[in-house]
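Accompanying notes for the structure given below.
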Amino acid sequence: MAEKQQKGNAQSKGNAPAKDDNKITTRAANYSEWYLEIVRRAGLAENSDVRGCMVIKPTGYAIWEKMQRGLDRMFKDTGHVNAYFPLFIPMSYLAKEEEMAEGFAKECAVVTHYRLKAEKGKPLQVDPTAELEEPLIVRPTSETIIWRTYKDWIQSYRDLPILVNQWANVVRWEMRTRLFLRTTEFLWQEGHTAHANQQEAEEETLRMVNVYKKFAEEFMAMPVMVGPKSEGQKFPGAVYTLCIEAMMQDGKALQAGTSHFLGQNFAKAFDCSFQNEKGQRESPWATSWGVSTRLIGGLIMTHSDDNGLVCPPRLAPIHVAIVPLGRTDAERAPAIAAAEKLAAELRGMPRDDFFSYEPITVKIDVMFDKQPGYRYAEHELRGVPVRVEIGPKDLEKSACAVARRDVPGKEGKQFGVPLDGAAAHINTLLRDIQASLLKKAKAYRDAGLKTADTYAEFQEKLELGGFVAAHWDGTRETEDKVQAETKATIRCIPFPENGLEVAPGVCMVTGAPSKQRVLFARAY
RNA sequence: CGGGCUGUAGCUCAGCUUGGUAGAGCGCCUGGUUCGGGACCAGGAGGUCGCAGGUUCGAAUCCUGUCAGCCCGACCA
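Residue numbers (the numbering used here): 16 to 539.
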């Protein structure tokens, strides 16, 4: 960007310096540049020709598939089933729920025609005679079409609850996009449930935010804070929104998942009602909840380092890279043979819940045209949790070298690991890595958790990054004022379960009474 | 939507001020020397200079238009 603006200046004449010495931009030098380089060089995604839309590359998609698998299992275990609803939603549906219409109006892609006109020698154009009577919007979220459908599905209390999830893509026409964190089109899941009473729906709302918390911590090794959003930050159309908030390595917050209690808003907007046991008509109670490919952005920014991607083993597309070494075919052949043997042993390890009953994935690196250092660096860049090196010197001792990605560089490498038993050792190591990534991320997050009692102290601490717990009078005005002056928003009103003290106090801005501290941060 | 900027090789960019028919680094291909922490040498492939007009003997370069993208802001759960 800076270079671009310089372009055309007399000073920038001469060839650009060789930009790439193979090292990536460090987090300290330029955090967002670092992030984008990780995404690109780890082969996760790239910008497409379509503005704001990304191409998710096989490695990035593999992470998403693992996320899907983990989450889907948890959804099923809590009684949900999958279904699929249309991509297109009649514009009038969105209009039925006022808050939602207002919330999403400015970022909707609209389909107005159903045909193009192709004539020889003329540019392809929209056929003006093929205008839709009613424009369709491309779903930014599916509450409306789903509640229009539920209206027909729900007649009796016996039809409830409905516990449906859909895996889908949605479009939100954002002004500014960033790979994974905010793209015009993104992949997500959205759960939409209907319940016979308020209590059940509220329990569901809480249950699902806790599913997200569990997933974030157990699969992503990403600690999160859980609690409701402020009135100003909640989902349009919701009564309240619960969320999980993670803290990235630059101290900014990332909303990683939301679970909304929708009350009877959508049921009423779509005339959906049922008869209860007593024969009375009632409106069902709703929830919706979602996480998206944004989680991949969070995953990257939670663990990765200046050597590249760090991926927790439970979500890693490849668990183990084996690098056979040797200068000649005579040296390489036994190294490759040993690599293949170890790979087979790793793949044959007993499967368990940790890897969703799938085998350990192993890749044997045969890039013999590259130097060993290049090959090591490449696997580090791509975030492979464990790298094994097998060369002539190891084979003399029937051993190998095992490097763990969470401890970068040579420090994480252990020489002389006996090949006999190496598979079991690595299997254990993968679990250690998963655990220590969470521990490390938690320590980082906790260190970034600050408390402020006065507005001056708040502003000072905010500059250090991280969450600042402060008292707030609960008003929209104060929240807006803080945001306008500091760019910080209320990320959530933390539940006691987060381990933060919940005690009354006075608002740091107005001095009015406050029930508890809330978490402020600058956010993505 | 306001303000600024940029479109030249797969990528990052130089060349434009002062018009003469296109370059560098990286990447890619071939061969060779290397090889336990990001090697090197030699040769090679690759570009209708965003698009459309105009000026000119001649346009990447000057002019007009147009499209696209980027940055700052606004907006954005």
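Glycine is no exception: its CB is placed at the ideal position from the N, C-alpha and C atoms.
Nearest candidate by alpha-carbon position, reference residue i, set the options
i, options, result
"W79", "L139, A110, K267, G313", "G313"
"E411", "P349, Q248, P423", "P349"
"T144", "K132, Y539, V226", "K132"
"A527", "M115, W487, D421", "W487"
"T159", "E134, N180, L175, Y108", "Y108"
"R329", "E232, D64, T192", "E232"
"I508", "E113, K530, W203", "K530"
"T164", "L202, A450, G247, F100", "F100"
"E260", "E500, A467, R460", "R460"
"A483", "E494, E472, K465", "As written in the sequence, residue 483 is Val, which differs from the Ala given in the question. Closest option to V483, Cα to Cα, is K465."
"D435", "L453, A450, S413", "S413"
"V422", "A77, G323, P73", "G323"
"R197", "V403, G67, N37", "G67"
"W188", "T199, L147, W304", "T199"
"D344", "R402, S157, V381", "V381"
"P407", "E346, I375, V401, F370", "E346"
"L453", "A499, K72, E148, T317", "T317"
"Y391", "I337, R42, R342", "I337"
"T192", "F103, K457, E146, S63", "S63"
Integer Cβ distance of residue i from residue j, believed to fall under 8 Å
i, j, result
"I448", "R419", "6 Å"
"E117", "N280", "Actually they do not touch by this definition, with Cβ atoms about 13 Å apart."
"T501", "Q474", "6 Å"
"V377", "H334", "7 Å"
"V572", "F195", "Absent from the model: residue 572. The displayed extent of the chain is 16 to 539, so no value can be given."
"G480", "G266", "2 Å"
"L534", "R506", "5 Å"
"L561", "Y539", "Absent from the model: residue 561. The displayed extent of the chain is 16 to 539, so no value can be given."
"S157", "Y227", "Contact doesn't hold; Cβ gap of about 18 Å is too wide."
Bridge partner(s) assigned by DSSP for residue i
i, result
"H128", "E146"
"Y255", "F276"
"N184", "L202"
"H486", "R532"
"G520", "S529"
"I505", "F535"
"H210", "W300"
"A261", "L269"
"G398", "In DSSP, G398 forms no bridge with anything."
"N97", "N180"
"Q290", "S171, R296"
Extent of the continuous beta strand (DSSP E) to which residue i belongs
i, result
"A536", "532-536"
"P339", "335-339"
"L2", "Here the chain has residues from 16 to 539 only, and residue 2 is not among them."
"K378", "377-379"
"E61", "60-62"
"A414", "414-419"
"Q429", "428-433"
"M69", "69-71"
"F195", "No beta strand (DSSP E) holds F195; DSSP gives it neither H nor E."
Any non-hydrogen atom of the ligand ATP within 8 Å of residue i CB
i, result
"S245", "Summarising the ligand content, the structure contains no ligands, and the ligand ATP is consequently not present."
Enclosing alpha helix (DSSP H) for residue i [first to last residue]
i, result
"G242", "Element bounds for G242: not the alpha helix (DSSP H) but the beta strand (DSSP E), 240-243."
"V54", "46-56"
"F103", "Element bounds for F103: not the alpha helix (DSSP H) but the beta strand (DSSP E), 103-105."
"R366", "Counting along the chain, R366 falls outside any alpha helix (DSSP H), and DSSP gives it neither H nor E."
"V472", "Note that residue 472 is Glu in the sequence shown here, rather than Val. Element bounds for E472: 470-477."
"L542", "Because residue 542 is not part of the residues shown, which for the chain are 16 to 539, the question remains open."
Review point. Do the segment 45-61 and the segment 393-411 make contact, defined as three or more Cβ pairs closer than 8 Å?
Key: yes
Point to revise | Contact the segment 289-302 vs the segment 167-178: 3+ CB pairs below 8 Å | key: yes
Check your understanding: Should the segment 511-520 be called in touch with the segment 250-261, which here means at least 3 C-beta pairs below 8 Å?
Key -> no
Check your understanding: Does the pairing of the segment 119-133 with the segment 145-162 give three or more beta-carbon distances under 8 Å?
Key -> yes
Check your understanding: Taking contact to mean at least 3 C-beta pairs separated by less than 8 Å, is the segment 209-217 in contact with the segment 295-304?
Key -> yes
Point to revise | Any 3 or more C-beta pairs closer than 8 Å across the segment 79-95 and the segment 351-363 | key: no
Practice item. Check whether the segment 271-278 touches the segment 215-235, counting contact only when three or more Cβ pairs, one atom from each stretch, lie closer than 8 Å. Key: yes
Review point. How do the segment 261-272 and the segment 237-251 stand: do at least 3 beta-carbon pairs fall below 8 Å, yes or no?
Key: yes
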